[in-house]
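Asks: One structure, pasted below without further comment.
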Amino acid sequence: MFEAILSESNSKSDSLVVSKTPPPCLRTGIIAGAPVPRPLMRRLLNELNMTEFTSSYGLTEASPTCFNALTTDTIDCRLTTVGRIMPHASAKIIDPRSPHRIVPVGEKGELCISGYQVHRGYWENPQKTEEALLYDPPESEHEDPYDGRGRGKGRIWLRTGDEAVFDTHGYCYITGRYKDIIIRGGENIYPLEVEERLVLHPKITKAAVVGLPDERYGEVVAAFIEIDAASKGDGGPSLSAEEIRNWTRETLGRHKTPVYIFACGSHPMLPVVIPQTGSGKIQKQKLRELGKSVVEKGHTVLLG
């Protein structure tokens, strides 16, 4: 939604100059739904004067909001964290390989949520329910965790599947989805950091990064991008693959450089825009399947 507002604002920029209309001002708003690249958040601040925005985190299974930043938090805090846990919920970060071990502050792990608002389970799917819910050992025989659910099993925690880290002040940083992490030759690559670098390029308006299979490394980086329409020339693509790779390498390691680069709308096999759900989350699984199909056809770069 905010991207659409920015796009609409930019399309009217010339008329604003002519009419001397004051620049658009959206004082506040809540940014949530998926990890938001910091360059986009800075654009909201700089172009829309959105000085009182807040960031939030939640999920349907937790009804939904559990973390929220405050307008009184520093701008840097609101740009980089989802705030602190809300009064109705509890949170911890666990070692996903040893779920009952809570990791130290400052160490990444899987975020878990507890509280009366956590769901009872997935409809007619006991296996998925068992995978999603984690029970603490009961503290006493009288423990009654949340409306009697799980009596005798201990406190109920929802495993979110999100990788996160707490700082010493209790602020939560969402660093990625475990299923989205790219493991290249044994090294973890977090798509968000590559996406943030890509959208800083003046000709790239949006980016989504996924891992695609590779015989040598297991997985390698694939980037789906949207190119700014104003930068497209009549004679072909306005960006080269090497320019994009060099741009990535300037601040990130070579292993994080996209091997596959696909510009949406540049080829019949590709969608016009990066696919999203109704709530604005990028459909990474759909992109992975699409990427595999494109690579199987012999394409490594599609830019138009």
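Everything in the sequence shown is counted per full-length UniProt numbering, starting at 1 for the first residue and increasing by one.
Beta carbons are placed, not taken as given, at the ideal position from N, Cα and C, and that holds for glycine.
Secondary structure at Q276, three-state DSSP: helix, strand or coil?
Replies: Shown here, Q276 sits in a strand according to DSSP, grouped into three states.
Asks: With distance defined between alpha-carbon atoms, name the residue in K284, R84, T80 and I156 nearest to G115.
Replies: Nearest option by C-alpha distance: I156.
Asks: DSSP puts S114 in a beta bridge; with which residues?
Replies: DSSP, once it has assigned bridges, lists S90 as partnering S114.
Asks: With a CB to CB cut of under 6 Å and the five nearest residues on each side skipped, what residues in its chain are close to D136?
Replies: Cβ within range, chain order: G154 and R155.
Asks: Answer with buried or exposed for V272, where buried requires no fewer than 16 other C-beta atoms within 10 angstroms of its C-beta.
Replies: exposed
Asks: Rounded to whole angstroms, what is the Cα-Cα separation between residue 356 and K297?
Replies: This structure gives no information on residue 356, because the portion of the chain shown stretches from 1 to 304.
Asks: Suppose you measure from the CA of G211 to the CA of S293; what does that come to, to the nearest Å?
Replies: 13 Å
Asks: By how many angstroms is the C-alpha of R120 removed from the C-alpha of E47?
Replies: 43 Å
Asks: Got a sec? Which residues, its chain only, sit under 8 Å from E226 by beta carbon, not counting five neighbours each side?
Replies: I204, T205, K206, A207, A263, C264, G265, V273 and I274
Asks: Let me confirm a value: S279 is counted as buried when at least 16 other C-beta atoms fall within 10 Å, else exposed. Which label applies?
Replies: exposed
Asks: Mind checking whether I174 and D162 have CB atoms under 7 Å apart?
Replies: yes
Asks: Hey, V220 and P37: beta-carbon distance below 7 Å or not?
Replies: no
Asks: Is there contact between the stretch 77 to 84 and the stretch 95 to 108, where contact requires at least three CB pairs shorter than 8 Å?
Replies: no
Asks: Using DSSP's beta-bridge definition, name the partner residues of residue 315.
Replies: The chain is shown only over 1 to 304; residue 315 falls outside these bounds and no answer can be derived.
Asks: On the criterion of 16 or more Cβ atoms from any shown chain inside 10 Å, does M50 qualify as buried, or is it exposed?
Replies: buried
Asks: Which of the three DSSP states, helix, strand or coil, is assigned to G211?
Replies: strand
Asks: Would you kindly work out how many angstroms separate the C-alpha atoms of L290 and E215, rounded to a whole number?
Replies: Cα to Cα, L290 sits roughly 18 Å from E215.
Asks: DSSP three-state call for I181: helix, strand or coil?
Replies: coil
Asks: Rounded to the nearest angstrom, what separates T257 and L287 at their Cα positions?
Replies: 18 Å
Asks: Inspect the beta-carbon positions of I113 and A91 and report whether they are closer than 7 Å.
Replies: yes
Asks: Classify N49 as helix, strand or coil using the three-state DSSP reduction.
Replies: coil
Asks: I believe G83 touches D73 by the beta-carbon criterion, under 8 Å. Please report the beta-carbon distance rounded to the nearest angstrom.
Replies: 7 Å
Asks: Can you give the Cα-Cα distance for G186 and Y217, rounded to whole angstroms?
Replies: 8 Å
Asks: So, is A229 buried or exposed, given that buried needs 16 or more other C-beta atoms within 10 angstroms?
Replies: exposed
Asks: Along the chain, where does the alpha helix (DSSP H) containing G291 start, and where does it finish?
Replies: Where G291 is concerned, the enclosing alpha helix (DSSP H) stretches over K284 to E296.
Asks: Would Q117 and S63 be called neighbours here (beta carbons separated by less than 7 Å)?
Replies: Yes.
Asks: Tell me whether V194 sits in a helix, a strand or coil according to DSSP, three-state version.
Replies: helix
Asks: In whole angstroms, what is the alpha-carbon distance linking A164 and H255?
Replies: 23 Å
Asks: Would DSSP call H299 helix, strand or coil?
Replies: H299 falls in the coil class under three-state DSSP.
Asks: Using 7 Å as the threshold, is the C-beta distance between R197 and T277 below it?
Replies: no
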